[in-house]
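Engineer: Mind looking over this structure? Questions follow.
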Amino acid sequence: MSFGSIFWPSDEDKLWAVIEEILATGTPLILAHPSPFMKPIANDKLRFIKEHPLATEFEWAPQGTILSHPATGWFISHGGWNSTQEAFVYRVSQ
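Letter by letter, the sequence shown follows residues 14 to 107 in the numbering used here.
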(Lines of atoms letter the chains of each structure in order from A; the text may use other names.)
(Lines give C-alpha, C1' and ligand atoms only; values in the text may rest on other atoms or scores of the structure.)
Protein backbone atom coordinates (compact mmCIF):
# COMPACT_ATOMS: atom_id res chain seq x y z
CA MET A 14 0.00 0.00 0.00
CA SER A 15 1.50 3.28 -1.11
CA PHE A 16 0.02 6.69 -1.77
CA GLY A 17 3.03 8.29 -3.41
CA SER A 18 5.26 11.08 -2.26
CA ILE A 19 2.60 13.80 -2.35
CA PHE A 20 -0.76 12.26 -1.45
CA TRP A 21 -1.90 10.88 1.90
CA PRO A 22 -5.54 10.09 2.76
CA SER A 23 -7.22 12.93 4.63
CA ASP A 24 -9.50 10.60 6.63
CA GLU A 25 -6.98 8.43 8.43
CA ASP A 26 -9.71 6.57 10.36
CA LYS A 27 -10.88 5.04 7.07
CA LEU A 28 -7.30 4.21 6.08
CA TRP A 29 -6.67 2.40 9.36
CA ALA A 30 -9.99 0.56 9.10
CA VAL A 31 -8.86 -0.78 5.70
CA ILE A 32 -5.41 -1.71 7.06
CA GLU A 33 -6.94 -3.54 10.03
CA GLU A 34 -9.36 -5.45 7.77
CA ILE A 35 -6.59 -6.44 5.34
CA LEU A 36 -4.53 -7.84 8.19
CA ALA A 37 -7.58 -9.53 9.76
CA THR A 38 -7.93 -11.59 6.57
CA GLY A 39 -4.38 -12.88 6.98
CA THR A 40 -3.11 -10.88 4.02
CA PRO A 41 0.46 -9.55 4.41
CA LEU A 42 0.83 -5.78 4.11
CA ILE A 43 3.67 -3.40 3.30
CA LEU A 44 2.81 0.22 4.08
CA ALA A 45 4.98 2.87 2.43
CA HIS A 46 4.41 6.43 3.61
CA PRO A 47 6.95 8.80 2.00
CA SER A 48 4.75 11.89 1.83
CA PRO A 49 6.28 14.94 3.50
CA PHE A 50 2.75 16.40 3.61
CA MET A 51 1.31 13.84 5.99
CA LYS A 52 1.25 14.25 9.71
CA PRO A 53 3.34 11.67 11.58
CA ILE A 54 1.70 8.31 12.11
CA ALA A 55 0.38 8.03 15.67
CA ASN A 56 2.58 5.94 17.95
CA ASP A 57 -0.15 3.38 18.65
CA LYS A 58 -0.78 2.87 14.92
CA LEU A 59 2.93 2.61 14.17
CA ARG A 60 3.36 0.10 17.00
CA PHE A 61 0.39 -1.91 15.67
CA ILE A 62 2.07 -2.22 12.25
CA LYS A 63 5.54 -2.93 13.64
CA GLU A 64 4.30 -5.61 16.03
CA HIS A 65 1.94 -7.33 13.59
CA PRO A 66 3.53 -10.50 12.15
CA LEU A 67 2.10 -9.84 8.67
CA ALA A 68 2.85 -6.13 8.40
CA THR A 69 5.79 -3.83 7.91
CA GLU A 70 6.16 -0.14 7.20
CA PHE A 71 8.70 2.03 5.46
CA GLU A 72 8.93 5.75 4.84
CA TRP A 73 10.14 4.83 1.37
CA ALA A 74 10.02 1.45 -0.37
CA PRO A 75 11.45 0.27 -3.71
CA GLN A 76 8.09 0.03 -5.45
CA GLY A 77 9.35 -1.72 -8.59
CA THR A 78 11.15 -4.36 -6.54
CA ILE A 79 8.06 -5.02 -4.44
CA LEU A 80 5.70 -5.12 -7.43
CA SER A 81 8.00 -7.51 -9.30
CA HIS A 82 8.14 -9.97 -6.39
CA PRO A 83 6.06 -13.12 -7.00
CA ALA A 84 4.44 -12.83 -3.55
CA THR A 85 2.81 -9.50 -4.48
CA GLY A 86 -0.83 -10.15 -5.29
CA TRP A 87 -2.30 -6.65 -5.47
CA PHE A 88 -1.45 -3.01 -4.94
CA ILE A 89 -3.40 -0.21 -3.25
CA SER A 90 -2.21 3.23 -4.35
CA HIS A 91 -3.44 6.74 -4.99
CA GLY A 92 -3.82 5.86 -8.67
CA GLY A 93 -1.05 8.16 -9.86
CA TRP A 94 0.49 7.76 -13.29
CA ASN A 95 3.76 6.15 -12.16
CA SER A 96 2.08 3.73 -9.76
CA THR A 97 -0.48 2.74 -12.39
CA GLN A 98 2.22 2.18 -15.02
CA GLU A 99 4.37 0.13 -12.64
CA ALA A 100 1.41 -2.01 -11.61
CA PHE A 101 0.63 -2.59 -15.30
CA VAL A 102 4.26 -3.44 -16.19
CA TYR A 103 4.54 -5.95 -13.34
CA ARG A 104 0.99 -7.27 -13.91
CA VAL A 105 -0.18 -6.55 -10.39
CA SER A 106 -3.86 -5.79 -9.84
CA GLN A 107 -4.77 -2.40 -8.39
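In this text, a Cβ means the ideal position worked out from N, Cα and C, and glycines have one as well.
None of the values given here were measured: they were computed from a predicted structure.
Can you tell me whether His9 is buried or exposed? The criterion is at least 16 other CB atoms within 10 Å of its CB, across all chains shown.
Structural biologist: There is no way to answer for residue 9, as the model of the chain reaches only from 14 to 107.
Engineer: What is the DSSP secondary structure of Phe88, reduced to helix, strand or coil?
Structural biologist: Of the three classes helix, strand and coil, the one that applies to Phe88 here is coil, per DSSP.
Engineer: For Ile19, name the three-state secondary structure that DSSP assigns.
Structural biologist: The answer is coil: DSSP assigns Ile19 none of H, G, I, E or B.
Engineer: Spatial neighbours of Leu67 within its chain, please: CB distance less than 8 Å, with the 5 preceding and 5 following residues excluded, ordered by chain position.
Structural biologist: Closer than 8 Å at the Cβ level, and outside the excluded window around Leu67, lie Leu36, Gly39, Thr40, Pro41, Leu42.
Engineer: When the Cα of Ile62 is compared with those of His46, Lys52, Met51, which residue comes out closest?
Structural biologist: Among His46, Lys52, Met51, the Cα nearest to that of Ile62 is on His46.
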